[in-house]
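Protein chains in written order, with my numbering: chain E, 2 to 15; chain D, 4 to 259. Every residue, glycine too, gets a C-beta built ideally from N, C-alpha and C.
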């Protein structure tokens with residue numbers, strides 16, 4: 002079972 | 004700020020490629036060009052557009068400006084331009100509007116529109132320089148077709164890259180589907196080439212819904228580049244030689 006991750010898990014706010 | 008394109012078609016295609024994914028956004032204008040970076044409302048996908056100043060017929064930006072615009076409104080304005088009309092965008096410092104002027108090349112028809120700017124809180128993300136494990140260059144029409152075909156069977160696609168081929172797999176209620184594309188060279192038609200640069204094998208799962216949004220950029224570029232690393236967002240780049248690029252980033256689906 003997979004779940005959608007968020008981009009915020011990978012990229013930080015600039 | 005004043006920027007002129009010789010033909011409206013490129014700008015029309017750029018807006019069509021991003022407007023369904025991100026609604027309102029800010030165009031950041033500097034002396035090197037116009038760019039936007041925006042996430043979709045669910046923070047799963049990000050669009051980064053760069054239109055380099057060299058790609059314009061003429062370009063002037065005396066002071067950096069961030070123009071908040073509804074892309075749907077911008078699409079409406081651009082519908083009023085013929086594909087071969089020139090487009091001039093103008094914005095005066097401190098003004099709350101941006102002006103669009105379209106001129107036919109025989110100069111017998113000039114139309115002007117003024118669009119209200121919006122106050123948009125932009126949240127820019129820092130995208131780290133990444134050494135990707137696998138980079139696939141392929142015809143953009145192939146990616147568009149693959150994603151559209153597989154969408155009939157499932158919501159997600161698993162993209163697996165091995166040395167000489169890339170496999171797209173999906174499954175759903177009615178059955179399963181997969182498409183395998185093998186590397187192929189083409190010296191006389193580089194736009195039909197499928198090139199796979201694999202440092203490490205990669206297998207990642209993504210929501211097809213977003214990939215189908217991304218392939219709306221296919222009319223802008225014959226080729227597309229998929230950059231993948233395990234446990235990392237996918238980068239889908241549509242290069243526009245001399246003009247810039249559209250890059251989309253997509254967060255993977257991960258094991259619960």
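Measure how close the beta-carbons of residue i and residue j come, nearest whole angstrom, since I'm counting them as under 8 Å.
| i | j | result |
| --- | --- | --- |
| residue 50 of chain D | residue 41 of chain D | 6 Å |
| residue 28 of chain D | residue 39 of chain D | 5 Å |
| residue 133 of chain D | residue 7 of chain D | The pair is not a contact, with the Cβ atoms about 35 Å apart (cut-off 8 Å). |
| residue 105 of chain D | residue 84 of chain D | 4 Å |
| residue 70 of chain D | residue 135 of chain D | Between residue 135 of chain D and residue 70 of chain D the Cβ distance is about 32 Å, and since that is not below 8 Å, they are no contact. |
Figure out for me which residue from the options has the closest Cα to the Cα of residue i.
| i | options | result |
| --- | --- | --- |
| residue 182 of chain D | D/188, D/191, D/189 and D/171 | D/171 |
| residue 119 of chain D | D/33, D/100 and D/200 | D/100 |
| residue 167 of chain D | D/144, D/204 and D/155 | D/204 |
| residue 53 of chain D | D/250, D/257 and D/117 | D/250 |
| residue 75 of chain D | D/23, D/208, D/169 and D/11 | D/23 |
| residue 209 of chain D | D/45, D/257 and D/180 | D/257 |
| residue 188 of chain D | D/164, D/139, D/178 and D/248 | D/139 |
| residue 93 of chain D | D/86, D/32 and D/201 | D/32 |
| residue 156 of chain D | D/73, D/110, D/44 and D/178 | D/178 |
| residue 195 of chain D | D/58, D/144, D/162 and D/201 | D/144 |
| residue 223 of chain D | D/214, D/206, D/241 and D/86 | D/241 |
| residue 18 of chain D | D/110, D/213, D/236 and D/220 | D/220 |
Taking the DSSP output, what are the residues bridged to residue i?
| i | result |
| --- | --- |
| residue 173 of chain D | D/180 |
| residue 64 of chain D | Residue 64 of chain D is not bridged to any residue. |
| residue 253 of chain D | D/48 and D/237 |
| residue 71 of chain D | D/29 and D/121 |
| residue 248 of chain D | D/53 and D/242 |
| residue 150 of chain D | DSSP, once it has assigned bridges, lists no residue as partnering residue 150 of chain D. |
| residue 13 of chain E | D/129 |
| residue 209 of chain D | D/160 |
To the nearest angstrom, how far is the alpha carbon of residue i from that of residue j?
| i | j | result |
| --- | --- | --- |
| residue 4 of chain D | residue 216 of chain D | 30 Å |
| residue 259 of chain D | residue 190 of chain D | 44 Å |
| residue 199 of chain D | residue 108 of chain D | 42 Å |
| residue 151 of chain D | residue 159 of chain D | 12 Å |
| residue 184 of chain D | residue 142 of chain D | 11 Å |
| residue 8 of chain E | residue 114 of chain D | 41 Å |
| residue 121 of chain D | residue 247 of chain D | 25 Å |
| residue 103 of chain D | residue 128 of chain D | 29 Å |
| residue 56 of chain D | residue 72 of chain D | 20 Å |
| residue 238 of chain D | residue 11 of chain D | 27 Å |
Quick check on residue i: buried or exposed, where buried means 16 or more other Cβ atoms within 10 Å of its Cβ?
| i | result |
| --- | --- |
| residue 15 of chain E | exposed |
| residue 218 of chain D | buried |
| residue 66 of chain D | exposed |
| residue 124 of chain D | exposed |
| residue 255 of chain D | buried |
| residue 1 of chain D | Summary: the structure shown does not reach residue 1 of chain D, with chain D confined to residues 4 through 259, and so no result is reported for it. |
| residue 226 of chain D | buried |
| residue 202 of chain D | exposed |
| residue 16 of chain D | buried |
| residue 26 of chain D | exposed |
| residue 236 of chain D | buried |
| residue 4 of chain E | exposed |
Please list the partners that residue i has in chain C, where partner means a Cβ-to-Cβ separation under 8 Å.
| i | result |
| --- | --- |
| residue 252 of chain D | Looking for chain C here will not work: the only protein chains present are E and D. |
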